[in-house]
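*Asks:*
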Amino acid sequence: EGLYTTLVTSGLGLTRARAERLKEVGLEHIQISIQDSDPEVAERIAGVRSVKHKQAAASIVRELGFAFTINVVLHRANLDRIGALIDLAADLGADRIELANTQYYGWGLQNRAALMPTREQVERSREIAERAIQRYRGRMQITYVLPDYYELYPKACYGGWGKLYLVVTPNGMVLPCHGATQITTLRFDDVRSRSLEWIWQESEAFRAFRGDSWMKEPCRTCPRKATDFGGCRCQAFALTGDAANTDPVCTLSPLRRVVDNALTEPALDIPEYSYRTLAAEPQRV
Numbered sequence: 004e005g006l007y008t009t010l011v012t013s014g015l016g017l018t019r020a021r022a023e024r025l026k027e028v029g030l031e032h033i034q035i036s037i038q039d040s041d042p043e044v045a046e047r048i049a050g051v052r053s054v055k056h057k058q059a060a061a062s063i064v065r066e067l068g069f070a071f072t073i074n075v076v077l078h079r080a081n082l083d084r085i086g087a088l089i090d091l092a093a094d095l096g097a098d099r100i101e102l103a104n105t106q107y108y109g110w111g112l113q114n115r116a117a118l119m120p121t122r123e124q125v126e127r128s129r130e131i132a133e134r135a136i137q138r139y140r141g142r143m144q145i146t147y148v149l150p151d152y153y154e155l156y157p158k159a160c161y162g163g164w165g166k167l168y169l170v171v172t173p174n175g176m177v178l179p180c181h182g183a184t185q186i187t188t189l190r191f192d193d194v195r196s197r198s199l200e201w202i203w204q205e206s207e208a209f210r211a212f213r214g215d216s217w218m219k220e221p222c223r224t225c226p227r228k229a230t231d232f233g234g235c236r237c238q239a240f241a242l243t244g245d246a247a248n249t250d251p252v253c254t255l256s257p258l259r260r261v262v263d264n265a266l267t268e269p270a271l272d273i274p275e276y277s278y279r280t281l282a283a284e285p286q287r288v
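Mapping of the sequence shown onto the numbering used here: position 63 corresponds to residue 66, and the numbering continues sequentially without gaps.
1) Once you ignore the five residues that flank Leu167 on each side, which residues in its own chain have a CB closer than 7 Å to its CB?
2) For Phe240 versus Ile186, is the C-beta spacing smaller than 9 Å?
3) Should Leu77 be listed as close to the ligand ADP, given that the test is whether its C-beta is under 8 Å from any heavy atom?
4) Got a sec? Which residues, its chain only, sit under 6 Å from Ala159 by beta carbon, not counting five neighbours each side?
5) Just confirm the distance between the C-beta atoms of Phe209 and Pro257, as a whole number of angstroms; I'd bet it's less than 8 Å.
6) Are the beta-carbon atoms of Pro157 and Val252 separated by less than 9 Å?
7) Report, in whole angstroms, the separation of the C-beta atoms of Ser40 and Ala87, which I expect to be a contact under 8 Å.
8) Examine the Cβ distances between the stretch 82 to 96 and the stretch 235 to 250 and report whether three or more of them are shorter than 8 Å.
9) Just mark Thr18 as buried or exposed, buried being the case when its beta carbon has 16 or more other beta carbons within 10 Å.
10) How many Å lie between Arg223 and Trp217 at the Cα?
11) Report the three-state DSSP secondary structure of Pro285 (helix, strand or coil).
12) Kindly list the residues whose CB is nearer than 6 Å to the CB of Leu155, restricted to its own chain and excluding five residues on each side of it in sequence; keep chain order.
13) DSSP puts Val75 in a beta bridge; with which residues?
14) Three-state secondary structure (DSSP) at Leu242?
15) What's the gap between the Cα of Thr146 and the Cα of Arg127?
16) CB-CB under 7 Å to Gly29, same chain, minus the five flanking residues each way: which ones, in chain order?
17) In the DSSP output, what is Met176 paired with across the bridge?
18) Going by DSSP in three states, Val170 sits in which element: helix, strand or coil?
19) So, is Lys219 buried or exposed, given that buried needs 16 or more other C-beta atoms within 10 angstroms?
20) Quick check on the DSSP output: the alpha helix (DSSP H) that includes His56 runs from which residue to which?
21) Below 6 Å CB to CB, which residues in the same chain sit around Asn81 once its five sequence neighbours on both sides are set aside?
22) Is Tyr147 helix, strand or coil by DSSP?
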């Protein structure tokens with residue numbers, strides 16, 4: 004009670020039977036990811052044939068009356084088609100589209116050289132998104148998440164770590180955010196061994212960066228600490244090796260040079276994508 008429930012999915016495994024069952028048990032919202040408005044590019048980015056599956060999943064979501072969001076992770080390969088992506092989301096019947104520039108940790112960091120957009124792309128896409136927000140006002144909500152490498156200050160981490168948001172993964176692990184498993188110094192509990200209430204209130208992972216007592220300088224005495232909470236913990240860990248450090252995208256971070264160096268790397272030869280493959284989890288008896 005009091006939770007808003009959402010399923011974040013590629014759409015590939017979302018059959019009508021599964022969607023109907025989720026509706027029966029009270030799921031309120033489904034978010035489906037798309038990679039590009041150009042089908043060929045979309046499937047190259049995804050590394051798998053997926054466009055028709057996603058279109059079918061979108062139809063099911065709409066027909067069953069779920070609140071419906073399209074999510075697009077933006078990067079060098081698709082940013083120039085942001086206008087077409089917004090129109091595609093409207094054609095699919097989405098209530099909302101989230102245009103989220105890539106966060107560079109995990110596989111995003113591994114593929115950073117291939118994914119990092121130019122400043123010109125970022126500025127153009129922002130203008131297109133702002134015009135589309137006005138054009139679709141009252142019909143479809145458009146959220147444009149800025150690429151923090153090009154910003155002065157970091158984004159707040161889901162309204163504060165362990166404050167508003169939790170993720171339950173398909174294997175039952177409970178996370179404070181989607182990328183939290185990148186922080187290998189934390190241990191995460193799962194709903195098969197602990198209650199959701201206990202995990203939220205007592206678990207090591209959720210308490211690790213809740214509040215501000217964990218903060219180091221310059222965050223500890225920064226007037227922005229209640230606004231951006233020191234930035235992304237996953238990004239801080241990925242780029243500095245310590246999740247308690249200031250997110251280095253912040254211009255006040257002593258490690259901002261890590262980000263600046265990435266922005267000045269030559270991008271003449273764009274490498275191929277390195278794709279993630281998931282090993283099958285052993286069957287539990």
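Every residue, glycine too, gets a C-beta built ideally from N, C-alpha and C. Note that the structure is predicted; figures quoted are calculated from it, not measured.
*Replies:* On the basis of the data shown:
1) Cβ neighbours of Leu167 within its own chain (closer than 7 Å, five residues either side excluded): Tyr161.
2) With a cutoff of 9 Å on beta-carbon distance, Phe240 and Ile186 are scored as near each other.
3) The ligand ADP is not part of this structure, which contains no ligands at all.
4) Counting only Cβ-Cβ distances below 6 Å, and skipping sequence neighbours, we find Asp231 and Phe232.
5) Between Phe209 and Pro257 the beta-carbon gap is near 28 Å, outside 8 Å, which marks them as no contact.
6) Yes, Cβ-Cβ distance for Pro157 and Val252 is below 9 Å.
7) Confirmed, Cβ separation roughly 4 Å.
8) No, the stretch 82 to 96 is not in contact with the stretch 235 to 250.
9) Looking at its Cβ environment, which holds fewer than 16 other Cβ atoms inside 10 Å, Thr18 is exposed.
10) Taken atom to atom, the span from the alpha-carbon of Arg223 to that of Trp217 is near 8 Å.
11) Bear in mind that the predicted position of Pro285 carries a pLDDT of just 44, short of 50, making it too unreliable to give a figure here.
12) Setting aside the 5 residues that flank it on each side, Leu155 is surrounded in the same chain by Thr254, each with a C-beta closer than 6 Å to its C-beta; the list follows chain order.
13) Val75 is bridged to Leu102.
14) Note: Leu242 maps to helix in three-state DSSP.
15) When rounded, the distance between both Cα atoms is 16 Å.
16) Counting only Cβ-Cβ distances below 7 Å, and skipping sequence neighbours, we find Thr8.
17) Met176 is bridged to Asp193.
18) In this structure, DSSP gives Val170 an extended state, which the three-state scheme calls strand.
19) Exposed.
20) Unbroken alpha helix (DSSP H) run through His56: Val54 to Glu66.
21) Closer than 6 Å at Cβ, skipping near neighbours: Asp39.
22) Looking at Tyr147 - three-state DSSP - the assignment turns out to be strand.
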